[in-house]
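Quick notes on the structure that follows.
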Amino acid sequence: MFRRILIANRGEIAVRVLRACRELNIETVLVYSEADRNAQYLRLADETICIGPPMSAKSYLDIPSIIAAAEIADVEAIHPGYGFLSENAHFAEVCHECNIRFIGPPPEAIASFGDKQRARAIAKKAGAPTVPGSQGILTSEEEAIRLAREIGFPVILKAVAGGGGRGMRVAHNDVSLINGFHQARAEAEAAFKNAGVYLEKFIERPRHVEIQVLGDREGNLVHLGERDCSIQRRHQKLIEESPSPALNPDIRKKMGDAALAIVREAKYENAGTVEFLLDPAGNFYFIEVNARVQVEHPVTEMVTGIDIVQEQIRIAAGERLRFRQEDIVLHGCAIECRINAEDPDANFRPTPGKVTTWMAPGGPGVRLDTHISAGAEIPPNYDSLVAKLIVHRNNRRDAIATMRRALAEFHVEGIKTTIPFHRKVFDHADFIAGDVDTGFVERHFSMK
Amino acid sequence: MFRRILIANRGEIAVRVLRACRELNIETVLVYSEADRNAQYLRLADETICIGPPMSAKSYLDIPSIIAAAEIADVEAIHPGYGFLSENAHFAEVCHECNIRFIGPPPEAIASFGDKQRARAIAKKAGAPTVPGSQGILTSEEEAIRLAREIGFPVILKAVAGGGGRGMRVAHNDVSLINGFHQARAEAEAAFKNAGVYLEKFIERPRHVEIQVLGDREGNLVHLGERDCSIQRRHQKLIEESPSPALNPDIRKKMGDAALAIVREAKYENAGTVEFLLDPAGNFYFIEVNARVQVEHPVTEMVTGIDIVQEQIRIAAGERLRFRQEDIVLHGCAIECRINAEDPDANFRPTPGKVTTWMAPGGPGVRLDTHISAGAEIPPNYDSLVAKLIVHRNNRRDAIATMRRALAEFHVEGIKTTIPFHRKVFDHADFIAGDVDTGFVERHFSMK
Amino acid sequence: MTKENQPKSAAPDLGRLKKLVNLMKDADLVELEIEANGSIRLRRREERIREAAQHVAWLPQPHSGGAPPLVPSASAAPATAPGDAAAAPPVDARAGLTEFKSPIVGTFYRASSPEKEAFVDKGSRVRPETVLCIIEAMKVMNEIRAEMSGEIVEVLVKNSQAVEFGQPLFLVRVDK
Amino acid sequence: MTKENQPKSAAPDLGRLKKLVNLMKDADLVELEIEANGSIRLRRREERIREAAQHVAWLPQPHSGGAPPLVPSASAAPATAPGDAAAAPPVDARAGLTEFKSPIVGTFYRASSPEKEAFVDKGSRVRPETVLCIIEAMKVMNEIRAEMSGEIVEVLVKNSQAVEFGQPLFLVRVDK
């Protein structure tokens with residue numbers, strides 16, 4: 002096992018890794034930028050090193066500074082957390098070259114999953130379902146109709162050069178497809194000077210369901226069940242839970258097997274997440290792999306009893322997985338709310354500033370992952386996550402009751418947070434019934 | 002289920018009950034004394050009522066004030082927490098007379114277990130082992146020797162009027178018993194003007210192990226396994242854990258059966274704890290029943306997944322137990338540290354005052370039950386418990402690692418706490434090995 | 002505190018007051034006023050002072066703003082009805098007065114029975130042994146005596162209202 | 002700040018400094034002094050100021066107490082050896098000086114190789130293009146230039162010492 006690790010991150014995930022290290026009796030070196038110089042959580046590290054100015058590009062994203070810090074602090078490994086350099090294959094390579102263990106997947110796996118086309122190809126090779134669609138640009142109406150009939154309506158047309166919804170059309174039948182094809186091309190031409198459009202099956206009211214995987218350096222792979230992350234706003238996850246209210250044991254097994262096949266195909270190791278869209282009929286489609294620990298990993302920790310960050314470190318140190326697939330049992334229900342320093346009444350505008358009051362929830366069934374306490378400053382330079390409020394109870398109904406109670410207790414002054422938003426979600430009948438999809442927030446909480 | 006409950010307590014247990022009520026959708030009325038007028042946790046109640054001056058006798062212990070508050074607030078039940086009026090049979094009776102449900106056992110059961118002699122008689126009738134000894138005052142050397150040989154050396158002589166160690170003698174053989182008998186009588190005569198002494202088996206290096214029981218109003222009773230509370234200082238528990246490192250399934254079953262027999266004999270209902278001494282050979286002896294929820298109940302909640310305070314309320318409302326004995330399974334290991342506002346370097350002198358900094362531990366495996374956050378005032382009028390730090394992990398080794406980590410994180414300024422003391426215990430080889438008894442603290446941490 | 006002739010509030014019932022206070026807490030309001038005509042005034046502040054907010058919750062404080070007090074409807078209680086309120090002494094004049102606080106929690110009664118006259122009223126002269134009111138706790142009617150000499154300037158709570166320990170019941174001008 | 006002729010500390014190595022600071026944190030010390038002759042002075046305070054403590058951890062501050070600075074043993078580095086220390090300017094005289102801070106994290110070298118002379122020393126005149134030192138990061142030797150004109154008053158770190166981003170390396174009297 003490692004004697005000393007450098008943590009190349011900040012905020013709650015830095016604290017999370019610090020905790021794992023301390024429980025494994027590993028010394029910690031924490032880097033920080035000038036914006037975090039007075040951060041309270043620095044006290045939790047054995048050593049801290051300032052690596053640069055507030056701007057991420059010159060501190061948390063600056064590879065030479067982080068490697069230099071690792072060298073002067075004489076560490077054996079670097080944990081990158083999530084974000085920043087965590088999915089940077091080049092950084093992982095540099096670590097290897099400098100004889101520092103990168104706590105994460107091999108650079109090749111990071112690179113493969115970092116490229117959408119390659120990731121899709123791997124999934125297909127592994128036999129996992131991907132969203133069906135055209136191989137490339139549609140050349141004619143006829144081709145569009147033939148394809149759409151083949152994969153089944155509804156379909157969506159997308160501009161190859163597109164973005165922001167322009168050049169996009171959903172079609173439910175031949176007529177709307179033909180109209181849409183010409184409209185989309187015209188719009189794409191006007192917007193991007195490129196009329197090329199392609200076609201994909203349109204997944205209606207999908208849920209976002211993802212599988213947590215762990216693999217050791219010997220190629221042993223297990224999955225730790227799923228997380229349902231359908232409560233999103235502009236593709237940013239806000240609430241995650243495990244198990245998914247939408248999965249039965251059969252779909253769970255199929256999705257888990259698909260996830261394992263995909264990461265096995267990429268010779269993956271360490272922690273990773275395979276993301277899927279799940280349609281109301283129970284069909285699922287591969288989206289992408291997140292080749293790192295995720296913000297929402299705690300819900301899986303709660304239901305499996307497995308400390309994912311500790312396992313990441315053990316795996317990187319060369320230990321074999323200590324459990325097999327049949328040892329993984331999901332107990333109860335865990336839900337996480339991401340508490341951000343954002344004003345839900347002002348279109349989720351970030352609200353950096355000084356936290357004057359911090360009365361955190363606690364008690365039975367409550368876990369709080371945070372780097373904040375009263376007096377903390379939230380710098381404007383980085384993401385706005387201030388706490389992850391996680392509950393774990395015997396069943397989903399009790400978990401919701403505990404979350405409502407915990408959200409009611411949570412009292413912060415000095416900055417605005419998303420706590421009031423979460424309170425509303427946990428009062429919403431559809432959410433309580435587990436009847437949601439990725440459009441839930443936009444549909445019910447459109448703030449704009 | 003109740004619509005509205007009054008909580009006749011303060012501090013962390015008031016918060017604990019508030020949490021249970023909120024999760025059950027029950028409105029809360031919280032009483033407070035003038036010393037707690039500005040307490041932060043009052044904000045968690047739906048309604049608060051000042052019932053008297055700081056002195057407990059005129060507020061938290063004043064039955065007319067509490068009943069009056071319950072009447073003007075129109076509640077259906079009162080939860081007494083622990084301490085204060087929780088084991089006052091008269092208060093429970095008054096509640097019944099006033100048509101307010103007392104959330105706890107029937108007055109008769111409280112009264113029976115409140116009397117040491119009656120409690121012992123109940124235990125004997127139930128066939129549970131009690132500490133063997135003389136029926137009353139020893140009349141002669143000969144009687145003492147005969148009895149001691151019957152129950153087996155070592156034995157302890159105690160003054161019937163005694164206290165504070167005076168008139169006490171431990172004897173390991175006939176000679177020391179005869180000497181001790183005369184010395185103890187002389188000492189008792191001098192100290193208490195009463196030479197009467199009695200004799201009991203002396204349990205060497207006992208552990209304190211207790212069984213949590215729950216019983217509904219229909220007479221269904223289950224136990225939730227044991228708690229080991231051997232880490233005590235002057236009979237005050239400091240650290241509790243479940244399961245006990247000293248119990249095997251066989252002793253656990255025997256002790257659980259004994260506990261159930263005792264409470265069944267007393268027609269007990271609601272939550273209660275049957276306390277035993279366990280000797281190194283695995284023999285156990287009944288001590289007493291605590292007819293209320295206990296400070297250390299969370300460790301049992303963590304390993305069983307049962308919310309004991311919610312169950313108390315359900316039972317009081319007339320619900321039937323929702324589980325049977327065979328449904329109770331202990332998962333992993335939970336440990337609790339009582340964090341007191343006391344100075345461990347000054348003989349555990351209480352340290353009331355203002356909490357200026359409160360950086361609480363969190364993250365995986367950590368539960369914190371507290372009524373404190375930064376800015377809180379600890380009044381000098383009540384007990385010094387400021388937080389219960391509970392960890393729950395898959396096994397005892399991991400639980401200890403998590404507790405060490407959490408204790409290292411816990412940073413309080415403004416008042417002294419027992420956190421440094423706990424850090425030392427969790428570094429102690431005997432504690433880590435689970436090799437402790439009720440003399441552990443005095444033996445290794447004698448501060449006087 | 003320069004405004005004069007403010008109407009004086011009869012304390013509303015505990016439950017309603019608490020709900021309003023909770024609303025204030027949730028919305029970070031430092032002022033909340035609801036007039037009898039239904040108009041509402043709210044004021045927010047970034048950093049509210051918790052102690053002050055809690056105080057407002059329980060003590061019928063002299064009203065400090067320019068708008069009428071919290072109670073939306075005319076009080077049905079015998080004393081401190083809206084008619085009396087206009088005649089209440091100005092805030093400044095209260096400086097020398099003493100609050101007579103409830104020594105117990107319970108239900109406040111101004112008379113020994115509904116038909117009887119109130120023990121004391123605004124303007125009553127009291128002596129130490131004078132019974133000011135009855136507070137019922139656990140079915141016991143506790144006669145509360147003045148234990149001072151002076152004049153009742155204001156009755157602060159309504160008949161049959163629930164009162165906390167320490168809640169001001171009367172304003173008294175104590176004899177020098 | 003009236004004492005004069007205080008010996009000036011060479012900044013000790015990061016690891017040791019951190020250990021001492023951690024010790025101070027654990028023991029709630031506001032002052033910790035270890036003299037070269039082995040004598041130790043500690044001072045505790047009930048409420049320590051966190052920010053100050055953290056600052057002490059990283060910036061070789063002008064010494065404010067009456068006792069010698071933190072480093073217990075004579076420095077082996079070429080400059081700021083004990084002999085020089087006594088000649089250090091008094092604290093008050095430093096007011097007009099500029100700290101030249103490290104622009105990157107890495108290992109500090111005073112010369113291009115162990116046999117070579119230091120780029121600059123106390124008293125050296127520097128111009129913007131003058132190389133002050135080398136900082137090694139990821140095996141790359143980064144020449145650090147003065148980017149100002151003036152005189153080196155003090156070299157604050159030892160040769161081959163690890164330095165953080167923003168850590169003061171030199172005290173410079175900048176030309177007006």
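Chains as they are written, first to last, in the numbering used here: chain W, 2 to 449; chain V, 2 to 449; chain L, 2 to 177; chain A, 2 to 177. Backbone N, C-alpha and C define an ideal beta-carbon position, used for all residues, glycine too.
Around the beta carbon of N26 of chain V, a 10 Å sphere encloses fewer than 16 other beta carbons of the protein chains shown; the residue is thus reported as exposed. Among the CB atoms of chain L, none fall inside 8 Å of the CB of I6 of chain V.
Of all residues in the stretch 25 to 39 of chain W, the ones placed with a Cβ closer than 9 Å to any Cβ belonging to chain A are V32, S34, E35, R38, N39, in chain order.
When 9 Å is used as the limit between beta carbons, S374 of chain W is near these residues of chain V: T358, W359, M360, A361, S374, A375, H412, in chain order. Here the alpha carbons of A160 of chain V and A192 of chain V stand approximately 10 Å from one another.
Within the stretch 304 to 365 of chain W, the alpha helix (DSSP H) runs of at least 4 residues that lie entirely inside it are, in chain order, 309 to 317.
The stretch 276 to 288 of chain W makes no contact with the stretch 147 to 156 of chain W; the number of CB pairs closer than 8 Å stays below 3. In the three-state scheme derived from DSSP, where H, G and I count as helix and E and B as strand, Q237 of chain V is classed as strand. Here N174 of chain V is exposed, its C-beta having fewer than 16 other C-beta atoms within 10 Å. Just measuring C-alpha positions, the residue of V:N100, V:V264, V:K425, V:P365 sitting nearest L239 of chain V is V:K425.
When rounded, the separation of the alpha-carbon atoms in S103 of chain L and E72 of chain V is 17 Å.
Contact with chain W is found for T108 of chain A, since one of that chain's Cβ atoms lies less than 8 Å from the residue's Cβ. Interface criterion not met: the Cβ of A342 of chain V is under 8 Å from no Cβ in chain W. Nearest CB-CB separation between A112 of chain L and chain V: not below the 8 Å threshold. Each residue's CA atom was taken as its position, placing I64 of chain W and A342 of chain W some 28 Å apart. The residues A36, D37, P55, P353, in chain order, have a CB closer than 8 Å to that of P380 of chain V in the same chain once the five nearest residues on each side in sequence are set aside. Per DSSP, the continuous beta strand (DSSP E) segment holding M142 of chain A begins and ends at 141 to 146.
When rounded, the separation of the alpha-carbon atoms in I111 of chain W and R293 of chain W is 9 Å. Spatial neighbours of P133 of chain W in its own chain (CB-CB distance under 6 Å, excluding positions within 5 residues in sequence) are listed in chain order as I152, K202. Taking 8 Å as the upper bound for CB-CB distance, S60 of chain V and I50 of chain V are not in contact here, some 11 Å apart. Think of a sphere of 7 Å around the beta carbon of G53 of chain W: the chain A residues whose beta carbon falls inside it are F166, in chain order. Spanning the alpha carbons of G376 of chain W and A119 of chain A requires a straight line of approximately 45 Å.
For the stretch 119 to 140 of chain L, the set of residues with a beta-carbon nearer than 7 Å to any beta-carbon of chain V comprises A138, M139, in chain order. For I104 of chain W, none of the residues of chain A pass the 7 Å Cβ criterion, the least Cβ distance being about 19 Å. Annotation: S374 of chain W is outside any beta strand (DSSP E) and is labelled neither H nor E by DSSP. Nearest CB-CB separation between R235 of chain V and chain W: not below the 8 Å threshold. Residues of chain V with a Cβ closer than 9 Å to the Cβ of L386 of chain W do not exist; the shortest Cβ-Cβ separation is about 14 Å. For the pair V32 of chain V and N10 of chain V, the Cα-to-Cα distance works out to about 7 Å. In chain order, E410 make up the part of chain V whose C-beta sits under 7 Å from the C-beta of L45 of chain W.
A direct Cα-to-Cα measurement between E190 of chain W and T140 of chain W gives close to 15 Å. Counting of Cβ neighbours within 10 angstroms places S243 of chain V among the buried residues, the total reaching 16 or more. Q41 of chain W has a beta carbon lying within less than 8 Å of a beta carbon in chain V. By the neighbour-count criterion, in which 16 or more other beta carbons inside 10 Å mark a residue as buried, G181 of chain W falls on the buried side.
Taking 8 Å as the CB threshold, S245 of chain V stays off the interface with chain L.
When C-alpha distances from R20 of chain W are compared across V:V442, V:R405, V:G415, the shortest belongs to V:R405. Beta bridge pairing from DSSP links T274 of chain V with V:Q213, V:N291.
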